[in-house]
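Peer 1: So that we are looking at the same thing, I have put the structure below in structure tokens.
In UniProt numbering, the protein residues as written are 1 to 296.
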């Protein structure tokens, strides 16, 4: 009997300790979220991280231009330029995050916070286009329709988003905010499926090359890593945007959710961009460059 009482007492003590730890974590989370000092620190940390990624992309762009100055805006150069631009704008927005929240009319806040996300989609859709062109060329299929399709898809995405912004400006109701976020979630899911489709196809195609093929293993790893990273980041963005649309506790557009902002942007933009830039860091050769310039 005494042993049973001792076990019950120990269980009660453990439960009490667990509850205390949980309450402490909840209090810490609330204190950080509600602290203007911590909000500024976290947003400025995001600004620094975005600034570093932007600077890396710019340095890589300059290195490529110095290596092959005789060629214009290749796919590789455009990819790095867009990375520089997207991450640079994100950095500026987070430096001025508190001021952004005060901008009127409110629709401008939505544009400043959402437009870099659309540009991020365009940047990595360019990578999907590149892989699609390689895949079709390797299979002796026509690639004439790929670039027009790329421009058409981006044009439709931007047009729909601009229409949603205008409607939201005209009638700022909750349902329009939800619709705008769900559209962005759909765009992210579309991008994830694009990486899965063309990255997966290219990966399987490279696997069928002879083992002794020069650079086969390295290219296989590049495609596999980039596909996994980009598919994961866009899928996470899709899930988070769905939560963001319907759950106020997951709202990313407010100042008092800095911790959520930090981990969200770290997972869906900063880390993926940094990893992809590192994986695709190789410079193009000085001579023997074909008409199409690979990103690798």
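Using N, Cα and C, we set each Cβ at its ideal position, and we do this for glycine too. No experiment lies behind these values; they were computed from the predicted model shown.
Do you know whose CA, among 46, 36, 35, lies nearest residue 262's CA?
Peer 2: What you label residue 262 is simply residue 262 of the chain shown in a count that begins at 1. It is 46.
Peer 1: Residues in the same chain with beta-carbon distance under 8 Å from residue 100, minus the five sequence neighbours each way, listed in chain order, please.
Peer 2: Position 100 of the chain shown holds residue 100. These residues qualify, in order along the chain: 93, 109, 112, 113.
Peer 1: Around the C-beta of residue 74, are 16 or more other C-beta atoms found within 10 angstroms, so that it is buried, or is it exposed?
Peer 2: As a working mapping, residue 74 is identified with position 74 in the chain shown. Per the 10 Å Cβ criterion, buried.
Peer 1: Could you say which of 238, 246, 277 lies nearest to residue 225 if we only look at CA atoms?
Peer 2: To locate residue 225, count along the chain shown from 1; it is residue 225. Nearest to residue 225 by alpha-carbon distance, out of 238, 246, 277, is 277.
Peer 1: Count Cβ pairs between the segment 145-161 and the segment 128-135 that sit closer than 8 Å; are there 3 or more?
Peer 2: yes
Peer 1: Could you check what DSSP says for residue 68 in three-state terms: helix, strand or coil?
Peer 2: For the purposes of this step, residue 68 is taken as residue 68 along the chain shown, with counting starting at 1. Coil.
Peer 1: Roughly how many whole angstroms lie between the Cα atoms of residue 206 and residue 243?
Peer 2: For this step, residue 206 is matched to residue 206 along the chain shown. For this step, residue 243 is matched to residue 243 along the chain shown. Cα-Cα distance, rounded: 37 Å.
Peer 1: Measure the CB-CB distance between residue 188 and residue 246 and report whether it falls below 7 Å.
Peer 2: Residue 188 sits at position 188 when you count from the first residue of the chain shown. Residue 246 sits at position 246 when you count from the first residue of the chain shown. For residue 188 and residue 246, no; Cβs fall outside 7 Å.
Peer 1: From which residue to which residue does the alpha helix (DSSP H) around residue 256 run?
Peer 2: Within the chain shown, residue 256 is the residue found at index 256, counting from 1. Unbroken run through residue 256: none, as it is neither H nor E.
Peer 1: For residue 30, name the three-state secondary structure that DSSP assigns.
Peer 2: Translated into the one-based positions of the chain shown, residue 30 becomes position 30. Note: residue 30 maps to helix in three-state DSSP.
Peer 1: Return the first residue and the last residue of the alpha helix (DSSP H) that residue 125 is part of.
Peer 2: The residue given as residue 125 occupies position 125 in the chain shown. Under the DSSP assignment, residue 125 falls in the alpha helix (DSSP H) whose first and last residues are 106-138.
Peer 1: Taking 6 Å as the cut-off, is the CB of residue 238 close to at least one heavy atom of the ligand NAD?
Peer 2: As presented, the structure is devoid of all ligands, the ligand NAD included, so that no description of it is given.
Peer 1: Going along the chain, which residues of its own chain have a beta-carbon closer than 7 Å to the beta-carbon of residue 143, five neighbours each way excluded?
Peer 2: By 1-based counting over the chain shown, the position of residue 143 is 143. Here the set comprises 133, 136, 137.
Peer 1: In angstroms, rounded to a whole number, what distance separates the CA positions of residue 107 and residue 256?
Peer 2: Reading the chain shown from its first residue, position 107 is the one you call residue 107. Reading the chain shown from its first residue, position 256 is the one you call residue 256. For residue 107 and residue 256, the distance between alpha carbons rounds to 19 Å.
Peer 1: Check this for me: beta carbons of residue 42 and residue 272, under 7 Å apart or not?
Peer 2: Position 42 of the chain shown, counting from 1, holds the residue named residue 42. Position 272 of the chain shown, counting from 1, holds the residue named residue 272. No, Cβ-Cβ distance for residue 42 and residue 272 is not below 7 Å.
Peer 1: So residue 169 is in the alpha helix (DSSP H); what residue range does that whole segment cover?
Peer 2: Mapped onto the chain shown, residue 169 falls at position 169. That run of the alpha helix (DSSP H) goes 146-170.
Peer 1: So, with DSSP's three-state summary, where would you put residue 278?
Peer 2: Within the chain shown, residue 278 is the residue found at index 278, counting from 1. Three-state DSSP puts residue 278 in a helix.
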